[in-house]
Amino acid sequence: MIISVASGKGGTGKTLVATSLALSLKDNHKVQLLDCDVEEPNANILLRLPIKQSQPVYIPIPRVQEAKCTYCGKCAEVCAYNAIAVIKQKVLVFPELCHGCGGCSYLCPESAITEEGRGVGIVERGSSGNLELIQGKLNVGEAMAPPVIREVKRYTNPANIVIIDVPPGTSCPVIEAVKGSDFCLLVTEPTPFGLNDLSLAVEVVSELDIPCGVIINRVGVGSKEVEQYCCRERIPILLTIPLDREIAALYSRGIPLIEGMPRWREEFLRLFQDIKGMVPASRLAK
Amino acid sequence: MMKEIVVLSGKGGTGKTSIVACFASLAKSKVLADCDVDAADLHLLLKPRIKEDKEFWSGRVASIDEGKCTECGLCQELCRFGAIKDFRVDPISCEGCGFCYHICPVDAIAMKDSMSGHSFISETKYGYLCHARLGIAQENSGKLVALVRQNAKLIAERRNLDYIITDGPPGIGCPVISSLSGANLALLVTEPTLSGIHDLERVIGVCRHFGVPVLVCVNKYDLNEDNTDRIERYCSEEGIEVAARISFDNVMTQAIVEGLPVVEYTNGKVTQQIKELWQIVSTRLEK
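Residue numbers (this note's numbering), protein chains in the order written: chain V, 14 to 299; chain B, 71 to 357.
Next comes the structure, spelled out in structure tokens:
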């Protein structure tokens, strides 16, 4: 079963939830945690698993063999991203604009374009007992997270319980991380910001046709609007976590919630049972 | 001379939008820009009246004409984004590269323009706000960010305003780079958690990569003073000024619930700290 943990708004507690769920389940299940927030991966700050394997992520970019090139301009014409330009007797490649679709090399009439890998990030793996972590890291200065996220997700084994820590937002990196999940947990906070971004995240999961439930974090100060919204939209609130300085302080030190406050383990085990009850068997069979 | 400051953080939820809203209230001559186009929140505090709403058309999506398709499967085989299955295009996975369109032997594939959001120019009681809404599951957030900044720049130039104050997105990827490049200063809002520190280091790296000077501000500093000290030590080693420490105080949340910048909600400690921060930021921008 694949459970993604998303939010729309950043800093609502996705990583807190993803790591707590993983650590609660690992005693009785094989668990994979996929940190797909490759711009700012934080799960292993809490899990502290030793990284045993590290692999670079490449995207294929064109390499033009000038000897064969006739400067016909076909490559520049077919590139949707303006990543290749032909100016008189010169072909310019702009690697950071290239999505690696392969169109230019395939369509070059002179077969003058080959492809070479350009490193955009790394995927790291580590494990301890039943818990395996796979995390992606986008190189600093690189713009495109989706290729790194795709690499992280290649390690998905649906026979395990797979928990995906999703980046904030609603655009392509979020879609890349969430798609294919059996269930999506949406973590929010009881403020107008939390509500606004939750409603956007709900649109994303409905677009992808993934069942979802909400976790409201930092309940205490704030408003009731998020609860009212969930009630109106018939989205179950599966867990609430209070605004508690002790929880925040543990997080600040990188101590997992269920280690610092072990009573939360039961809550996360119950959460998992609730999720299981909400995922139709037909979905898992796929 | 107009100056542009972008507020970033790496990690989400550290208080970027709350601080930008305070700057909106404190700065005299400015235009605001919300570059967090896929989860914009600044409008919730600034209460804009939208004056201009433009559709944002960007990128293309492939579409297969079933009548013409011979189901040869070439497009499916060559698409590197896994966007074609059973001779149908999944518009969410399609990156709009057009490879399939170019190679289809029977010209059954068309590339259609996609409407991927809206850009807005609004008036608020604090001045103009340029903002946007990226459509759900859309690409090209970087281009929409560039458009928001362009709108803000035009307004600032036309009205001879001193500042463009930009609320940036979390992370370090495409929309962050697009918010950042060419700005005069990046204010990085962090929090004294191990995640906050880790993410701060990466966003500092991005600012350096693009040659934008940085200032750091530690929000919720008293949540973990050891970590706050660690951030200050790190910044001092890196030659970066920590411009402010802001207290961990529920008034930040209460102000959001009331829909106000915190400097207008209370006169307490946090307000003083943010006022001092704006002093430092504006002085730095004068240089």
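Think of the CB as a built atom: it goes at the ideal place given N, C-alpha and C, for glycine as much as any other residue.
Range covered by the alpha helix (DSSP H) that runs through residue i
i, result
"residue 226 (chain B)", "211-228"
"residue 299 (chain B)", "295-307"
"residue 235 (chain B)", "Careful: residue 235 (chain B) lies outside any alpha helix (DSSP H), inside the beta strand (DSSP E) at 233-237."
"residue 354 (chain B)", "339-356"
"residue 206 (chain V)", "205-220"
"residue 241 (chain V)", "238-246"
"residue 189 (chain V)", "185-191"
"residue 245 (chain B)", "244-250"
Nonlocal neighbours in the same chain, by C-beta distance under 6 Å from residue i, ignoring five residues either side
i, result
"residue 164 (chain B)", "131, 132 and 153"
"residue 99 (chain B)", "231 and 232"
"residue 269 (chain V)", "32, 36 and 59"
"residue 43 (chain V)", "143 and 173"
"residue 62 (chain V)", "139, 141 and 146"
Own chain partners of residue i with C-beta closer than 7 Å, once the 5 adjacent residues on each side are dropped
i, result
"residue 246 (chain B)", "78, 238, 239 and 276"
"residue 216 (chain B)", "248"
"residue 292 (chain B)", "317 and 318"
"residue 280 (chain V)", "252"
"residue 142 (chain B)", "175"
"residue 296 (chain B)", "none"
"residue 322 (chain B)", "85, 88, 332 and 340"
"residue 190 (chain V)", "17, 49, 162, 177, 179 and 180"
"residue 140 (chain B)", "176"
"residue 196 (chain B)", "94, 95, 102 and 116"
"residue 91 (chain B)", "112, 115, 116 and 331"
Closer than 7 Å to chain B by CB, residue i
i, result
"residue 168 (chain V)", "no"
"residue 84 (chain V)", "no"
"residue 35 (chain V)", "no"
"residue 206 (chain V)", "yes"
"residue 265 (chain V)", "yes"
"residue 55 (chain V)", "yes"
"residue 93 (chain V)", "yes"
"residue 237 (chain V)", "no"
"residue 273 (chain V)", "no"
"residue 188 (chain V)", "yes"
"residue 234 (chain V)", "yes"
"residue 116 (chain V)", "yes"
"residue 124 (chain V)", "no"
"residue 246 (chain V)", "no"
"residue 230 (chain V)", "no"
"residue 149 (chain V)", "no"
"residue 42 (chain V)", "no"
"residue 284 (chain V)", "no"
Closer than 7 Å to chain V by CB, residue i
i, result
"residue 336 (chain B)", "no"
"residue 184 (chain B)", "no"
"residue 197 (chain B)", "no"
"residue 188 (chain B)", "no"
"residue 92 (chain B)", "no"
"residue 360 (chain B)", "Residue 360 (chain B) lies beyond the stretch modelled for chain B, which goes from 71 to 357, so this question has no answer here."
"residue 247 (chain B)", "yes"
"residue 372 (chain B)", "Residue 372 (chain B) cannot be examined here, being either before or after the span of chain B that is shown, 71 to 357."
"residue 346 (chain B)", "no"
"residue 120 (chain B)", "no"
Same chain, Cβ closer than 8 Å to residue i, five either side skipped, listed in chain order
i, result
"residue 294 (chain B)", "262 and 263"
"residue 138 (chain B)", "176, 177 and 178"
Residue range of the beta strand (DSSP E) that includes residue i
i, result
"residue 181 (chain B)", "179-194"
"residue 201 (chain B)", "197-204"
"residue 71 (chain V)", "64-77"
"residue 225 (chain V)", "225-232"
"residue 163 (chain B)", "No beta strand (DSSP E) holds residue 163 (chain B); DSSP gives it neither H nor E."
Any non-hydrogen atom of the ligand FMN closer than 6 Å to residue i Cβ
i, result
"residue 241 (chain V)", "Ligands displayed in this structure: none; no statement on the ligand FMN is therefore possible."
*What residues in the region 218-240 of chain B bring their beta carbon closer than 8 Å to a beta carbon of chain V?*
239 and 240
_contact_flag[the region 326-335 of chain B, the region 260-269 of chain B] where n(CB pairs < 8 Å) is 3 or more_ = no
*asked:* Counting beta carbon pairs with one atom in the region 199-211 of chain B and one in the region 182-190 of chain B, are three or more of them shorter than 8 Å?
replied: yes
_So, does the region 86-94 of chain V touch the region 109-119 of chain V, judging by three or more C-beta pairs under 8 Å?_
yes
*Contact the region 250-257 of chain B vs the region 273-289 of chain B: 3+ CB pairs below 8 Å*: yes
*Quick one: which residues of the region 153-165 of chain V get their C-beta closer than 8 Å to a C-beta of chain B? List them in chain order.*
153, 154, 155, 156, 157 and 158
*asked:* Using a Cβ-Cβ cutoff of 8 Å, what residues of the region 198-216 of chain B are near chain V? List them in chain order.
replied: 204, 206, 207, 208, 209, 211 and 212
_For the region 221-239 of chain V against the region 248-267 of chain V, do three or more pairs of beta-carbon atoms, one drawn from each stretch, fall closer than 8 Å, so that the two count as touching?_
yes
*Please list the residues of the region 253-267 of chain B that have a C-beta atom closer than 7 Å to any C-beta atom in chain V, keeping them in chain order.*
262, 263, 264 and 265
*Taking any Cβ of chain V, which residues in the region 315-330 of chain B have a Cβ under 7 Å from it, in chain order?*
320, 323, 324, 326, 327 and 329
_Please list, in chain order, the residues of the region 282-316 of chain B that have any C-beta partner in chain V closer than 7 Å._
293, 294 and 297
*Determine contact between the region 103-122 of chain B and the region 297-305 of chain B, defined as no fewer than three beta-carbon pairs at a distance below 8 Å.*
no
*asked:* For the structure I just gave you, are there three or more beta carbon pairs, one from the region 199-207 of chain V and one from the region 222-229 of chain B, closer than 8 Å?
replied: no
*Is there contact here, the region 237-246 of chain V with the region 148-162 of chain B, by at least three beta-carbon pairs under 8 Å?*
no
*Three or more C-beta pairs closer than 8 Å, one from the region 302-316 of chain B and one from the region 182-189 of chain V: is that the case here?*
no
_Cβ contact check for the region 79-92 of chain V and the region 211-222 of chain V: 3 or more pairs under 8 Å_ = no
_Output needed in chain order: residues of the region 96-127 of chain B with a Cβ under 7 Å from some Cβ in chain V._
108, 109, 111 and 114
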